[in-house]
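Trainee: Quick one: the structure is below, and I'll ask about it shortly.
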Amino acid sequence: MTDIRDQMVSFVSDPNNFLFSMDLQKGLFEFVATTRSELSTLSFLDYRTLGQNEKKDVIPAPQIIQALHSAKFHQKSNRANYLFHTSFCCSTLVARCLDLPGKNLSLKEPHALLGLAAFKRLSANFDPADPNWKNLRDITLYLLSRSFHKGEKILFKPSNGANNLLPEILDCPQTERVLILYDDLESFLISILHGGNERAASIAHILEDLVRDFADNLPLELEQIRPLTGLQKISLGWGLQMKFLQHTIVLDSGQKVKSLKSATFLRNPEETLEKLSDFYDLEFSRREQAEILNGPTFNMHSKDPRIIFSRSKQIKEKKNILNIFGEDIRETITWARSLGLDFESGLSNPL
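With our numbering applied, the sequence shown covers 132 to 482.
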């Protein structure tokens with residue numbers, strides 16, 4: 132019995148056993164065998180990538196919890212940083228630029244965080260002070276934040292489908308800093324249109340969740356949403372997130388949270404990367420920063436390394452979209468402004 136317990140303690144202490152998902156109804160934790168290199172490389176840590184891994188261990192929650200307490204995980208929990216975002220605003224690029232072995236590992240869109248977000252969303256009477264909820268949150272974050280190298284920090288870039296977790300993340304003692312990355316509404320709509328029907332469908336898919344998560348910020352009745360145009364629905368989802376994120380920034384009062392407009396990073400990457408290193412306390416040297424910005428990380432498509440990224444190419448693509456859809460975009464922004472959803476001045480407390 133002791134040997135089995137020791138094996139479980141060793142298992143939950145090993146970061147190569149990555150927490151992929153949780154089935155809270157059945158009380159099961161699913162882990163996949165991976166490496167730091169794979170976690171760093173993958174743009175999504177979800178069913179599209181790690182979910183295809185055949186090296187899986189499905190373990191009953193009581194065994195995991197017992198092993199974690201034997202390992203005294205509350206005393207060993209890694210402090211973590213976060214990069215929340217409104218989607219399609221260069222968050223993957225920023226996360227990649229901050230990934231440096233020995234100093235920081237960026238975990239991009241872990242599936243387990245979406246499970247945590249769904250649990251909160253679907254709980255009939257969710258109570259953030261509930262000890263059971265706090266224990267589930269702390270266990271999940273501990274299992275995701277085990278370091279491969281001593282002193283190496285962890286940066287989580289959750290999917291925007293997990294933005295509803297932000298208050299509970301800020302309440303977590305292990306949370307160090309949170310950056311909220313966003314873009315203006317015009318640039319957001321251009322990014323969606325540039326991605327075609329598949330990208331637009333992905334945004335429309337999570338609108339129902341966003342409405343449920345941020346119902347207090349909804350400027351319309353539910354029956355008024357159905358007849359909206361596609362761009363209006365996309366703008367509504369963006370605006371609901373922005374209202375919620377701005378409210379969170381105000382409540383934080385500058386303690387842990389700062390905002391960053393993605394255009395600022397793209398226009399002035401050298402200064403912004405230095406600020407990000409300072410904000411997250413990553414201690415990147417000038418040489419390391421230069422290698423990041425002059426190497427493939429900054430100059431290739433963040434999700435597809437076969438595509439070369441350049442600021443001039445992005446500007447050209449933006450002009451092409453405006454030539455085709457400019458009138459639709461302007462009409463949509465005017466509509467969003469009438470509902471107080473345009474956020475023309477951006478989010479407060481910038482980096």
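For glycine and all other residues, C-beta sits at the position ideal for the given N, C-alpha and C.
1) Hey, how far is the Cα of Leu150 from the Cα of Ser174?
2) At 4 residues or longer, and completely inside the stretch 175-207: list those alpha helix (DSSP H) runs for me, N to C.
3) When we look at the beta-carbon of Asn266 and count the other beta-carbons within 10 Å, is it buried (16 or more) or exposed?
4) What separation, rounded to the nearest whole angstrom, lies between the Cα atoms of Arg343 and Val189?
5) Using only alpha-carbon positions, find the residue among Leu297, Val309, Glu354 that is nearest to Leu391.
6) Buried or exposed for Ile365, going by 16 or more other Cβ atoms inside 10 Å?
7) Within 10 Å of its beta-carbon, does Val388 have 16 or more other beta-carbons around it, so buried, or fewer, so exposed?
8) When burial is assigned at 16 or more other CB atoms within 10 Å of the CB, is Asp340 buried or exposed?
9) Three-state secondary structure (DSSP) at Asn266?
10) In chain order, what residues of the same chain have a beta carbon less than 8 Å from the beta carbon of Gln286, not counting five sequence neighbours either side?
11) Identify, in the order they occur along the chain, each residue of the same chain with its Cβ nearer than 7 Å to the Cβ of Ser152, setting aside the five sequence neighbours on each side.
12) Please name the residue, chosen from Gly370, Glu240, Gly361, that lies closest to Thr180 on a Cα-to-Cα basis.
13) Given Leu424, which residues of its chain have a CB within under 8 Å of its CB, disregarding the five upstream and five downstream residues?
14) Unbroken alpha helix (DSSP H) runs of length 4 or more, entirely within the stretch 373-438: which are they?
15) Among the candidates Asp258, Ala192, His280, whose CA atom is the shortest distance from the CA of Pro232?
16) State buried or exposed for Ser384, treating a residue as buried only when at least 16 other CB atoms are found within 10 Å of its CB.
17) I'd like the ranges of any beta strand (DSSP E) spanning at least 3 consecutive residues and lying wholly in the stretch 302-342.
18) Could you check whether Gly326 and Phe219 sit closer than 9 Å to each other, using their CB atoms as the reference points?
19) Below 6 Å CB to CB, which residues in the same chain sit around Lys449 once its five sequence neighbours on both sides are set aside?
20) Write down the C-beta distance between Ala202 and Val163 rounded to the nearest angstrom, noting that I regard them as a contact closer than 8 Å.
21) Tell me where the beta strand (DSSP E) around Leu553 begins and ends.
22) Which of the three DSSP states, helix, strand or coil, is assigned to Ala226?
23) Check whether the stretch 293-308 and the stretch 438-453 touch, using three or more Cβ-Cβ pairs below 8 Å as the test.
24) So which of His378, Leu316, Lys157, Gln156 has the shortest CA-CA distance to Glu462?
25) DSSP three-state call for Pro298: helix, strand or coil?
26) From Phe440 to Phe319, what does the alpha carbon distance come to, in whole angstroms?
27) The ligand HEM heavy atoms versus the CB of Ser441: any closer than 8 Å?
Mentor: Checking against the coordinates, here is how it stands:
1) Residue mapping note: residue 150 aligns to position 19 of the sequence shown, counting from 1. Residue mapping note: residue 174 aligns to position 43 of the sequence shown, counting from 1. Those two C-alpha atoms are separated by around 16 Å.
2) 192-201, 204-207
3) Locating residue 266 in the sequence shown gives position 135, counting from the first residue. Label assigned to Asn266: exposed.
4) Within the sequence shown, the letter at position 212 stands for residue 343. Within the sequence shown, the letter at position 58 stands for residue 189. The alpha-carbon atoms of Arg343 and Val189 are separated by roughly 31 Å.
5) In the sequence shown, the residue the question calls residue 391 occupies position 260. For Leu391, the nearest C-alpha among the options comes from Val309.
6) As a working note, residue 365 is residue 234 in the sequence shown. Looking at its Cβ environment, which holds 16 or more other Cβ atoms inside 10 Å, Ile365 is buried.
7) Taking the first residue of the sequence shown as position 1, residue 388 is located at position 257. Result: buried.
8) Taking the first residue of the sequence shown as position 1, residue 340 is located at position 209. Classification for Asp340: buried.
9) Within the sequence shown, numbered from 1, the residue matching residue 266 stands at position 135. Three-state DSSP puts Asn266 in a helix.
10) Position 155 of the sequence shown, counting from 1, holds the residue named residue 286. Here residue 286 turns out to be Leu, not Gln, going by the sequence shown. Once the five neighbours on either side are set aside, the close Cβ partners of Leu286 are Ala211, Asn212, Tyr213, Leu214, Ala226, Leu229, Asp230, Asn235, Leu236, Ser237, Leu238, Tyr411.
11) On the sequence shown, residue 152 is found 21 positions in, with the first residue counted as 1. Closer than 7 Å at Cβ, skipping near neighbours: Glu161, His242, Ala243, Gly246.
12) Within the sequence shown, numbered from 1, the residue matching residue 180 stands at position 49. For Thr180, the nearest C-alpha among the options comes from Glu240.
13) On the sequence shown, residue 424 is found 293 positions in, with the first residue counted as 1. Once the five neighbours on either side are set aside, the close Cβ partners of Leu424 are Cys228, Pro400, Glu401, Leu404.
14) 393-398, 400-410, 417-425, 427-430
15) Translated into positions along the sequence shown, residue 232 becomes position 101. Nearest of Asp258, Ala192, His280 to Pro232, Cα basis: His280.
16) For the purposes of this step, residue 384 is taken as residue 253 along the sequence shown, with counting starting at 1. Answer is exposed; the Cβ neighbour count stays below 16.
17) 306-313
18) Taking the first residue of the sequence shown as 1, we reach residue 219 at position 88. Taking the first residue of the sequence shown as 1, we reach residue 326 at position 195. In contact: Phe219 and Gly326 (Cβ atoms closer than 9 Å).
19) The sequence position of residue 449 within the sequence shown is 318, counting from 1. Closer than 6 Å at Cβ, skipping near neighbours: Ile321.
20) Counting from 1 along the sequence shown, the entry for residue 202 is found at position 71. Counting from 1 along the sequence shown, the entry for residue 163 is found at position 32. Contact flag wrong, Cβ pair sits at about 20 Å.
21) Nothing about residue 553 can be reported from this structure: the residues present for the chain run from 132 to 482 only.
22) Mapped onto the sequence shown, residue 226 falls at position 95. Helix at Ala226.
23) no
24) For the purposes of this step, residue 462 is taken as residue 331 along the sequence shown, with counting starting at 1. Checking every option, the nearest Cα to that of Glu462 belongs to Leu316.
25) In the sequence shown, counting from the first residue as 1, residue 298 sits at position 167. In the structure shown, Pro298 sits in a helix (DSSP, three-state: H, G or I).
26) What you label residue 440 is simply residue 309 of the sequence shown in a count that begins at 1. What you label residue 319 is simply residue 188 of the sequence shown in a count that begins at 1. Cα to Cα, the separation comes out at about 18 Å.
27) The model depicted lacks the ligand HEM and carries no ligand whatsoever.
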